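In the order they appear, the protein sequences are chains B and Y. Positions in the first sequence are counted from 1; adding 9 to them yields my numbering. Positions in the second sequence are counted from 1; adding 9 to them yields my numbering.
Number of protein chains: 2
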Amino acid sequence: MARAGLTTERLVRAGAELADEVGFEQVTVSALARRFDVKVASLYSHLKNSQDLKTGIALLALEELADRAAHALAGRAGKDALAAFANVYRDYAREHPGRYAAAQLRLDPQTAAASAGVRHAQMTRAILRGYDLTEPDQTHAVRLLGSVFHGYVSLELGGGFSHSAPDTEETWTRIVDALDALLRNWPAP
Amino acid sequence: MARAGLTTERLVRAGAELADEVGFEQVTVSALARRFDVKVASLYSHLKNSQDLKTGIALLALEELADRAAHALAGRAGKDALAAFANVYRDYAREHPGRYAAAQLRLDPQTAAASAGVRHAQMTRAILRGYDLTEPDQTHAVRLLGSVFHGYVSLELGGGFSHSAPDTEETWTRIVDALDALLRNWPAP
DNA sequence: TGCAACTACCTAAAGCTTTTAGGCAAGCCC
DNA sequence: GGGCTTGCCTAAAAGCTTTAGGTAGTTGCA
Numbered sequence: 010m011a012r013a014g015l016t017t018e019r020l021v022r023a024g025a026e027l028a029d030e031v032g033f034e035q036v037t038v039s040a041l042a043r044r045f046d047v048k049v050a051s052l053y054s055h056l057k058n059s060q061d062l063k064t065g066i067a068l069l070a071l072e073e074l075a076d077r078a079a080h081a082l083a084g085r086a087g088k089d090a091l092a093a094f095a096n097v098y099r100d101y102a103r104e105h106p107g108r109y110a111a112a113q114l115r116l117d118p119q120t121a122a123a124s125a126g127v128r129h130a131q132m133t134r135a136i137l138r139g140y141d142l143t144e145p146d147q148t149h150a151v152r153l154l155g156s157v158f159h160g161y162v163s164l165e166l167g168g169g170f171s172h173s174a175p176d177t178e179e180t181w182t183r184i185v186d187a188l189d190a191l192l193r194n195w196p197a198p
Numbered sequence: 010m011a012r013a014g015l016t017t018e019r020l021v022r023a024g025a026e027l028a029d030e031v032g033f034e035q036v037t038v039s040a041l042a043r044r045f046d047v048k049v050a051s052l053y054s055h056l057k058n059s060q061d062l063k064t065g066i067a068l069l070a071l072e073e074l075a076d077r078a079a080h081a082l083a084g085r086a087g088k089d090a091l092a093a094f095a096n097v098y099r100d101y102a103r104e105h106p107g108r109y110a111a112a113q114l115r116l117d118p119q120t121a122a123a124s125a126g127v128r129h130a131q132m133t134r135a136i137l138r139g140y141d142l143t144e145p146d147q148t149h150a151v152r153l154l155g156s157v158f159h160g161y162v163s164l165e166l167g168g169g170f171s172h173s174a175p176d177t178e179e180t181w182t183r184i185v186d187a188l189d190a191l192l193r194n195w196p197a198p
């Protein structure tokens, strides 16, 4: 009986692919076992439980997103950086809807603190260095940008905008324009 | 054997309460049957299937949210209306996290079109009448507002902001201020 | 090279959820 | 009060999760 060569890493990676194909909700230990043509119980040597798998996929997604964002930000500043950053989120969600859904998983505080989520916040802050904001306005702005990107992408992904004209492409660039304008003229309290 | 007096309406309503108590993910036909002290199969006379229950909760949540928003908007305009609208979302999500999560459920196009989701879009447009935007900028702005409110609330609910100072209360009002400023000075293409 | 230890994958089993099919009896309608 | 509708039941099949304990492939060391 040949061994399948399972490792936690391979399982999480395959789980991420599965998520993109059938949706994050449908990712199950059973489905994953089927994919490796292996009995379900075998996976429990590599995964603590089902939640462990989902968390693993979420962490992978956060990492991939942060890597892409870091790459996109290199050598850019101001509005250029803002647009590049925004596009990374949107493109990733379109290419990997299951992984993106995974990245929204609620992590317990320790896991979250050790995740690539921290890098995301740092990069957002780096973008804001191109605008003239002082604390605590910078923090407010970090949260605004996070909200807009996450909110827009998840509404678009969920089909929230699909019924109406004009197309979402145009809206996306206009929203980035608007955010840039807002950050350059951030209102005093 | 006394009858429990089940109806689809009562089941959906109880499902919504269950969602708020244990989380929308944990809402299951079995748990609902337990709550009514009734056998699981009995619920299938009133619900087509498990998805049907979840959809019902989502529609209920959308309706409740729209009702609250309509009430809050009555007699207000401009920034006042914007802030009231925003607070409805945030407060509802805090009071009814399970229902709010349900409202994010992806509905099939027909169900979505018949849902209270349409009223939400109409109300957002009504708020924008207080600002000087023409089509298609109004549509872009509708989408921006939807993104910010949804994004902010779901990040806050998911604990995304919980680690850092300053507190989210302050951020929320500053974001509403910022949106108001942005809508009054919406950048030309 | 051969044996011991390790570990990857297995079988078995219990408990939970979903869903369908068919049955009995409660409550309304005359 | 007798019949009809229908609300809730039992039974059963199928899928997912998780644990316990067994077997065989692989590695490492003498």
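Idealized CB from N, CA, C, for every residue including glycine. This one's a predicted model, so the numbers in the text were calculated from it and none came from an experiment.
With the cut-off set at 8 angstroms, would you say residue i and residue j are in Cβ contact?
| i | j | result |
| --- | --- | --- |
| Y/T202 | B/R152 | Residue coverage of chain Y in this structure runs from 10 to 198, which leaves residue 202 of chain Y outside it and unanswerable. |
| Y/S59 | Y/V49 | no |
| Y/A190 | B/P145 | no |
| B/V127 | B/L69 | no |
| Y/V97 | Y/R115 | no |
| B/V36 | B/A13 | no |
| B/L41 | B/P106 | no |
| B/L125 | B/A75 | Note on residue identity: the sequence assigns Ala, not Leu, to residue 125 of chain B. Taking 8 angstroms as the Cβ cut-off, B/A125 and B/A75 qualify as a contacting pair. |
| Y/P81 | Y/A93 | According to the sequence provided, residue 81 of chain Y is Ala. The question's Pro does not apply to it. Yes, Cβ-Cβ distance for Y/A81 and Y/A93 is below 8 angstroms. |
Quick check on this structure: which residue in the options has the alpha carbon closest to the alpha carbon of residue i?
| i | options | result |
| --- | --- | --- |
| B/T120 | Y/R85, Y/G168 and Y/I136 | Y/G168 |
| Y/A110 | Y/R85, Y/T16, Y/G32 and Y/D189 | Y/G32 |
| B/G155 | Y/H149, Y/F170, Y/Q147 and Y/D141 | Y/F170 |
| B/H159 | B/R19, B/A130, B/L142 and B/D176 | B/A130 |
| B/Y161 | B/R193, B/M132, B/A95 and B/Q147 | B/A95 |
| B/D141 | B/S51, B/T16, B/E26 and B/A86 | B/A86 |
| B/A79 | B/G24, B/R99 and B/T133 | B/T133 |
| Y/K88 | Y/S51, Y/G65 and Y/L188 | Y/L188 |
| B/E18 | B/A135, B/L27, B/S51 and B/L56 | B/L56 |
| B/V185 | B/V157, B/N194 and B/P198 | B/V157 |
| Y/E178 | Y/E73, Y/L192 and Y/R99 | Y/R99 |
| B/G139 | B/Y101, B/N194 and B/E73 | B/N194 |
| B/D117 | B/E26, B/I136, B/L137 and B/G65 | B/G65 |
Exposed or buried, residue i, counting other C-beta atoms within 10 Å across all chains shown (16 or more means buried)?
| i | result |
| --- | --- |
| B/K63 | buried |
| B/S54 | exposed |
| Y/A150 | buried |
| Y/R43 | exposed |
| Y/A83 | exposed |
| B/R199 | A query on residue 199 of chain B cannot be resolved here, the shown segment of chain B reaching from 10 to 198 and no further. |
| Y/D176 | exposed |
| Y/A122 | exposed |
| B/D29 | buried |
| B/R108 | buried |
| B/T16 | exposed |
| B/S163 | buried |
| B/T143 | exposed |
So what does DSSP say about residue i, is it helix, strand or coil?
| i | result |
| --- | --- |
| B/V162 | helix |
| Y/D76 | helix |
| B/N194 | coil |
| B/P106 | helix |
| B/T120 | helix |
| Y/S54 | coil |
| Y/E18 | helix |
| B/R183 | helix |
| Y/A125 | coil |
| Y/Q35 | helix |
| Y/D46 | coil |
| Y/Y140 | coil |
| B/Q113 | coil |
| Y/D29 | helix |
| B/F170 | coil |
| B/D61 | helix |
| B/R134 | helix |
| B/G84 | coil |
| B/D176 | coil |
| B/R99 | helix |
| B/R12 | coil |
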